[in-house]
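Asks: Throughout the sequence shown, residue numbering follows mature numbering (1 follows the signal peptide of the UniProt record, and there is no 0), covering -17 to -1, 1 to 535 in sequence. Backbone N, C-alpha and C fix where the C-beta goes; we use that ideal spot for every residue, glycine too.
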Amino acid sequence: MRRALALVSLALVLALAACTGLPTSGYVNPGRGPQTDDTQAFAFVPDGPQDGAAPADIVEGFLRAGSGPTDDWATAKMFLAPGTSWDPRARVTIDRLSDRRAAATSDGTGVTVALTTVAGVDATGAYAPSASGVSETLSFTLAQVDGQWRITSAPDGVVLYEEVFPTVYQSASVAYFDPTWSFIVPDVRWFPRPLVASRVATALVDGQPSPWLAGAVKSAFPDELSLVGRSVTLSSGGVAQVQLPQAALSLDRTTLDRMQTQLVRSLSSAGISDVQMTVDGAPVTASEVPVRVTRVDPAPAVLTALGVFGSLSGDAVEPINGLSDAVESLLPASVELEADRSLAAVRSQDGDVASALSDGRTFLLDDRPGLIAPSIDGEGAIWSVPSASPTQVRVITAEGVPREVGNAWPDASEITAMQISRDGTRVAAIVTVSGTREVWLAGIERENGTVELGAPHVLSFSQQGAFDLAWLDDTTVGVLATVDGASRLRELNVGGRGTEAAAPDGARILAAGSTSVRVLDDQGRLYSRRGSSWTLVASGIRVLAAQQGTTS
């Protein structure tokens, strides 16, 4: 009877989880902070082992108990024989509810569980999707303990259905700086909800950035500095206190201020709004440093069908001083603007890549055949690559001095679209690998005048029909695709799960808005989406420009 109740409870939880539509990545606007590090709005309370349960039932119950991280997965450990070693924090395997199958071995002392994996989370909290249809088999051994079957050997980690995972684990953005200490760069991780604040602080102070991002970002926390203890405590006033060793007192004020900024930004994504560094219980004097924003200008930048380029304001297009004439002279098919609008990267209708400067000058940068739309990096250089040669990426100054980019998109046979994040540390691309389109990320690494990409990180496998992408915000890459003749917008969370929805018919260009998503269709109609609704903004538009942020 209790087994039946447990299954009914799980079905109810899955139904509730399926009805939610809350965002699961990026920074959140914190409200009232948690009262303790173990507080959570919702928690699974899985059943322990039932008397007389068969080996397969014990293993299935053990896997379900992975949804209860309270007290270091105390319920799951009840299924283990005394002395059995099992590390629940080693990894999370995310699988499909309908595909999980458990079967006992012929002698009754072993159980195998077949899974179809959707994604995984490693010991640092980093999320990675699995290729479609990947199968995995887990093996368990059991023995009788006081007349009851118990597990004597189990793979480390927990296994969660994809519907359950975001309810048990919470995403949080571990905050790093770009190499110029100007931007905050989020590194999205997933941690058990009861432990999220402490795990975030530990990941920031004692850990490292995700491997694909590590060479592109900086942390103010010295490598030799460690947390005192492994928890974040709350003062009577509700301020989260992060305990550091005596060595923190020898750090200069600039370093301490940057550390404070990283902690505040990181813990805000765990729902904590006030943070104080302490040494031996005494507050450390530090303040947040100002950082640049990565939102784009509220006004779209467009080229009209009449060949006029500028900022769209109502029904009028307002020229950008010094830049509009230069852009128009290049007869653009695509445009990307630098944040201060002093520079544009243009691909002409003839397929060449050129720069347009606010003083009216233009420079031909790249005339290789088959070039895709270029993108501007954080140093004001323009990135260009032929679609058929993904490894041949060049970064070119606005006045035409080129450099090759090392380790660019290895193993890819084609590149369809590419854009650099507005903090300048990451680049996203649609690439083709073994005949299949995928979305990849890479960190941008600079040293002694050279530019290289870090090891590619697969953001999404099997992106059927994908042809354009854009950074929608710091943790979301939007992808336009055509599937069975219909336009689709996929929003892929960097370090998390994604969503898919309909896009306007004939969508061909995607760009971020300040608080919206913008799409231009093949009839010259510009749409903006807020929430789930698309609104027609303007007609007679030939090009929708990408924007690398704003100075305001």
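Can you pull the DSSP bridge partners for Gln131?
Replies: Val128.
Asks: Using the C-alpha atoms, what's the distance from Thr465 back to Arg471?
Replies: The straight-line gap from Cα to Cα measures roughly 6 Å.
Asks: In whole angstroms, what is the alpha-carbon distance linking Arg480 and Gly130?
Replies: Rounded to whole angstroms, Arg480 to Gly130 spans 43 Å at the Cα level.
Asks: Compute the distance between the beta-carbons of Ser251 and Ser154, then report whether it is under 9 Å.
Replies: For Ser251 and Ser154, no; Cβs fall outside 9 Å.
Asks: Runs of 3 residues minimum, wholly inside the region 84 to 108: which ones carry the beta strand (DSSP E) assignment?
Replies: List check, beta strand (DSSP E) in window: 84 to 87 and 93 to 104.
Asks: For Leu246 versus Ala184, is the C-beta distance shorter than 9 Å?
Replies: Result yes, Cβ atoms of Leu246 and Ala184 sit closer than 9 Å.
Asks: How many Å lie between Ala276 and Ala97 at the Cα?
Replies: According to the sequence provided, residue 276 is Val. The question's Ala does not apply to it. C-alpha separation (whole angstroms): 46 Å.
Asks: With three or more C-beta pairs closer than 8 Å as the rule, is the region 226 to 233 touching the region 163 to 177?
Replies: Touching, no, given that fewer than three Cβ pairs across the two stretches are closer than 8 Å.
Asks: Which residue from Ile379, Asp467 and Glu321 puts its Cα closest to that of Asp406?
Replies: Of the listed residues, the one whose Cα sits closest to Asp406 is Glu321.
Asks: When you compare each of Pro283, Gly426, Arg324 and Arg491 to Thr498 by their alpha carbons, which one comes out closest?
Replies: Minimum Cα distance to Thr498 is reached at Pro283.
Asks: Under the three-state reduction of DSSP, which class applies to Val520: helix, strand or coil?
Replies: Strand at Val520.
Asks: Excluding sequence positions up to five away, which residues of its chain have a Cβ less than 8 Å from the Cβ of residue 538?
Replies: As shown, the chain starts at -17 and ends at 535. That puts residue 538 outside it, with no answer to give.
Asks: Answer yes or no: do Asp240 and Ser270 have a C-beta to C-beta separation smaller than 9 Å?
Replies: Taking 9 Å as the Cβ cut-off, Asp240 and Ser270 qualify as a contacting pair.
Asks: Strictly by DSSP, which residues pair up with Thr482?
Replies: Its beta-bridge partners are Glu474.
Asks: Counting along the chain, where does the alpha helix (DSSP H) carrying Pro487 start and finish?
Replies: Unbroken run through Pro487: none, as it is neither H nor E.
Asks: Who are the near neighbours of Gly389 in its chain, counting only those whose CB is closer than 6 Å to its CB and skipping five residues on each side?
Replies: These residues qualify, in order along the chain: Glu435.
Asks: Take the Cβ of Ala494 as the centre, count every other Cβ of all protein chains shown within 10 Å, and call the residue buried at 16 or more, exposed below.
Replies: Looking at its Cβ environment, which holds 16 or more other Cβ atoms inside 10 Å, Ala494 is buried.
Asks: Give me the Cα-Cα distance between Leu5 and Val151, rounded to the nearest whole angstrom.
Replies: Unreliable placement is indicated for Leu5, whose pLDDT of 31 sits below 50; no coordinate value is reported for it.
Asks: Going by beta-carbon coordinates alone, are Glu301 and Ile359 separated by less than 9 Å?
Replies: Not a contact, by the Cβ cut-off of 9 Å.
Asks: For the beta strand (DSSP E) containing Met401, list its first residue and its last residue.
Replies: Per DSSP, Met401 belongs to the beta strand (DSSP E) from Glu397 to Ile403.
Asks: Arg83 to Thr261, Cα distance in whole Å?
Replies: Distance between the alpha carbons of Arg83 and Thr261 is about 47 Å.
Asks: Return the bridge partner residues of Glu387 from the DSSP annotation.
Replies: DSSP lists Arg377 as partners of Glu387.
Asks: Go through its chain and collect everything with a Cβ distance to Gln191's Cβ below 7 Å, but skip five positions before and after it.
Replies: Counting only Cβ-Cβ distances below 7 Å, and skipping sequence neighbours, we find Ala197.
Asks: List the residues that DSSP assigns as beta-bridge partners of Gln530.
Replies: Per DSSP, Leu320.
Asks: Hey, how far is the Cα of Val11 from the Cα of Pro169?
Replies: Here Val11 scores only 27 on pLDDT, less than 50, and its place in the model should not be relied on; the value that follows carries that caveat. In a straight line, the C-alpha of Val11 is about 12 Å away from that of Pro169.
Asks: Under 8 Å: do the region 370 to 379 and the region 157 to 167 share three or more Cβ pairs, one atom per stretch?
Replies: No contact exists between the region 370 to 379 and the region 157 to 167.
Asks: Name the two residues that bound the continuous beta strand (DSSP E) containing Leu347.
Replies: Taken as a continuous stretch (DSSP letters only), the beta strand (DSSP E) holding Leu347 covers Thr345 to Asp349.
Asks: Hey, how far is the Cα of Ile41 from the Cα of Thr95?
Replies: Computed Cα separation, rounded: 12 Å.
Asks: Starting from Met242, follow the beta strand (DSSP E) in both directions and report where the run begins and ends.
Replies: No beta strand (DSSP E) holds Met242; the alpha helix (DSSP H) holding it covers Arg236 to Ser251.
Asks: With DSSP run on the structure shown, which of helix, strand or coil describes Gln506?
Replies: Here Gln506 sits in coil by DSSP.
Asks: Would you say the region 137 to 148 touches the region 205 to 214, given that touching needs at least three Cβ pairs under 8 Å?
Replies: Judged by Cβ distances under 8 Å, the region 137 to 148 makes no contact with the region 205 to 214, as fewer than three pairs qualify.
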